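Q: Taking the UniProt record's numbering, the leading residue of the sequence shown gets 1, the next gets one more, and so forth.
The beta carbon of each residue, even a glycine, is placed where N, CA and C say it ideally should be.
What you are looking at is a predicted structure, and each value in this text was computed from that prediction instead of being measured.
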Amino acid sequence: MLSTGTIPQSLSSIHNTFANIVPDRSLGIPISLFAGLATTSLIFLTLRDTCAPAHVTRIAPSESKSDAKTNSHIIPSPLKTQIPTLSHEEISTLPYPPDIFPGARDVPSPYGSTRAYEFGPVTGPKVLLIHGISTPCIALHSLATTLATTHGCRVLLFDLFGRGYSDGVSDLPHDERLHTTQILLVLTSSSLSWVGDGFHILGFSLGGGIVVDFAVAFPKMVKDVILLAPAGLIREEHFGWKGKTMRKWWFPDGLWGWILRRRVRGAYDTVPNSSSSPPTSLQISDPQFDNEQYESQGQVDSELTAAVPASSAATNSDTRLPFDDTPISSLLPHITVGQVMRWQTQQHQGYANAFASSIMHASISGRKETYKKLWGSRNRIEGQEKSERNERDKILVIVGEHDDVIVAEELEEDLKVVVGERFGTRDDGGDIFDEKIAWKVIESAGHEFPITRGEEVASLIGEFLGT
1 MLSTGTIPQS LSSIHNTFAN IVPDRSLGIP ISLFAGLATT SLIFLTLRDT CAPAHVTRIA
61 PSESKSDAKT NSHIIPSPLK TQIPTLSHEE ISTLPYPPDI FPGARDVPSP YGSTRAYEFG
121 PVTGPKVLLI HGISTPCIAL HSLATTLATT HGCRVLLFDL FGRGYSDGVS DLPHDERLHT
181 TQILLVLTSS SLSWVGDGFH ILGFSLGGGI VVDFAVAFPK MVKDVILLAP AGLIREEHFG
241 WKGKTMRKWW FPDGLWGWIL RRRVRGAYDT VPNSSSSPPT SLQISDPQFD NEQYESQGQV
301 DSELTAAVPA SSAATNSDTR LPFDDTPISS LLPHITVGQV MRWQTQQHQG YANAFASSIM
361 HASISGRKET YKKLWGSRNR IEGQEKSERN ERDKILVIVG EHDDVIVAEE LEEDLKVVVG
421 ERFGTRDDGG DIFDEKIAWK VIESAGHEFP ITRGEEVASL IGEFLGT
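1. By how many angstroms is the C-alpha of L227 removed from the C-alpha of V211?
2. Note down the Cα distance separating H131 from E421, rounded to an integer number of angstroms.
3. Between the segment 328-336 and the segment 134-153, can you find at least three pairs of beta-carbon atoms closer than 8 Å?
4. With 16 other CB atoms within 10 Å as the buried threshold, where does S87 fall?
5. Where DSSP assigns a beta bridge to R105, which residues make up the other side?
6. If you reduce the DSSP assignment to three classes, tell me which class L86 lands in.
7. Can you give me the C-alpha to C-alpha distance between K436 and E410, rounded to a whole angstrom?
8. When you compare only the Cα positions, how much space is there between V340 and L184?
9. Using only alpha-carbon positions, find the residue among G424, S459 and V407 that is nearest to E236.
10. What number of angstroms, rounded off, separates the C-alpha of V195 from the C-alpha of F239?
11. In chain order, what residues of the same chain have a beta carbon less than 7 Å from the beta carbon of Q82, not counting five sequence neighbours either side?
12. Decide if S205 is buried, meaning its Cβ has at least 16 other Cβ atoms within 10 Å, or exposed.
13. Just tell me which of L460, S190 and I234 has its CA closest to the CA of I395.
14. So, are the CB atoms of L160 and V186 less than 8 Å apart?
15. Does the distance from the CB of S189 to the CB of V107 come in under 8 Å?
16. Report yes if the C-beta distance between P95 and W343 is below 8 Å; otherwise report no.
17. In this structure, how does DSSP classify F355 when only helix, strand and coil are distinguished?
18. Alpha carbon to alpha carbon, what distance is there between G152 and E456?
19. Quick one: Cα of S365 to Cα of D175, how far?
20. Helix, strand or coil for P76 per DSSP?
21. What does the Cβ neighbour count give for R261, buried or exposed, with the cut at 16 atoms within 10 Å?
22. Going by CA-CA distance only, name the one from G103, A116, H334 and D414 that's closest to Q182.
23. Tell me, to the nearest whole angstrom, how far the beta carbon of residue 470 is from that of I74; I am working on the premise that it is less than 8 Å.
24. Between D325 and T370, what straight-line distance do the alpha-carbon atoms span, to the nearest angstrom?
25. In this structure, how does DSSP classify E448 when only helix, strand and coil are distinguished?
26. Short check: CB of R367 to CB of G209, under 8 Å?
27. So what does F161 bridge to, in DSSP terms?
28. Could you check where the alpha helix (DSSP H) with V417 kicks off and where it finishes?
29. Since I398 sits in a beta bridge, which residues does DSSP pair it with?
30. Tell me which residues share the same chain as F423 and place their Cβ nearer than 6 Å to its Cβ, disregarding the 5 neighbours each side in the sequence.
31. Are there 16 or more other CB atoms within 10 angstroms of the CB of T135, so buried, or fewer, so exposed?
32. According to the neighbour-count rule (16 or more other Cβ atoms, all chains shown, within 10 Å of its Cβ), is P333 buried or exposed?
33. Rounded to whole angstroms, what's the CA-CA distance from R154 to L147? Just pull it up for me.
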């Protein structure tokens, strides 16, 4: 919080900064209006923090339902707002039918309801899967199904708050505390004991950052850690000037959230809402198509790229399908990522807030110290078993060769630093990285590889787990 003596100088400095660095209408509004909004927001938030106790609520009351007793704000999912209005036939044609997986259940809590799915052999190795920042857990359909049917795993996956069929939470930041709470709620809702014997945990993209936080917090509960293009170590240099400006301490969270929510909600405004047919080639290649709108849509779709622009890893000769046109699963070729995202953006009133809050508060970058704790405690007691010391020998990390969100070469370099600082060097001069991390690269694949190459990823996981 700024001291009252520095407020006028700070406001003047901020206004001048915006006037100098923000191109006119770069965010779709005149620079004078943008700078005015930023300055006005800072005045309001500063006076609010000075005159009254701080509150975490950042979302307009009209967007949520408030419980007067608990002062919680729960945004109902399409399971409550859309599904009751549809016939069985209409439900079956949705891009994300609520019965897409077996073993569906809804987990009630003071934070709202969480949609979870659990299936596979009861006695098989237990694997918890956590999806990324935008696409709900249907994105892991091929991977989860293959782990259960081919590798005999008992799989459990769920929609993060504000995605798919889980309610939205508008009065709490979507950070490691909320994500950890949701995981524990899902685990304890099972008829099987997931906590007692432990389980393996897997995370994709943002889910990878969530997994790291959880595995470090509960080392006795989590056996093996599997990270698919994980967030948490994205370099600050990849945040564009907009992202860097918004991440400054003086930039109001409320204004940042408004900008991100506006982008997310507008990403599909001009795209036809078709839940039964894939996008036509005209929608992709028509030269009259609004390029600016399509670019914004692509940024939101491609997981973290609303805040992290594409890197130079992707080349002009890349012939892979756009993220929107990617089939959501090899077992569901008629459903695309774009259709699921369009449905979620239009039907889930809590999604825009969940996305924006995750960008602001979740484990996306700067988590090196947490990563260093993945292998367990440093304190060894002679004679103790590894399980008693809460140690893991190795973690599995899988990346896409051409991923432009989690750049493979950079992640490998950063993980080598993490391992080096955590374990030092071997006495025989060998590579400690290969000893502590099973590093796998999916060739000719981008950030979407857990979606498009689910069977291949499941095979690598099965090999790592010994299934």
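A: Inspection of the coordinates gives the following:
1. 8 Å
2. 29 Å
3. yes
4. exposed
5. A116
6. coil
7. 18 Å
8. 27 Å
9. V407
10. 38 Å
11. Q347
12. buried
13. L460
14. no
15. yes
16. yes
17. helix
18. 16 Å
19. 12 Å
20. coil
21. buried
22. A116
23. A question about residue 470 goes unanswered here, because the residues of the chain that appear run from 1 up to 467.
24. 35 Å
25. coil
26. yes
27. None, per the DSSP bridge assignment.
28. A408 to F423
29. L228 and K440
30. I432
31. buried
32. exposed
33. 8 Å
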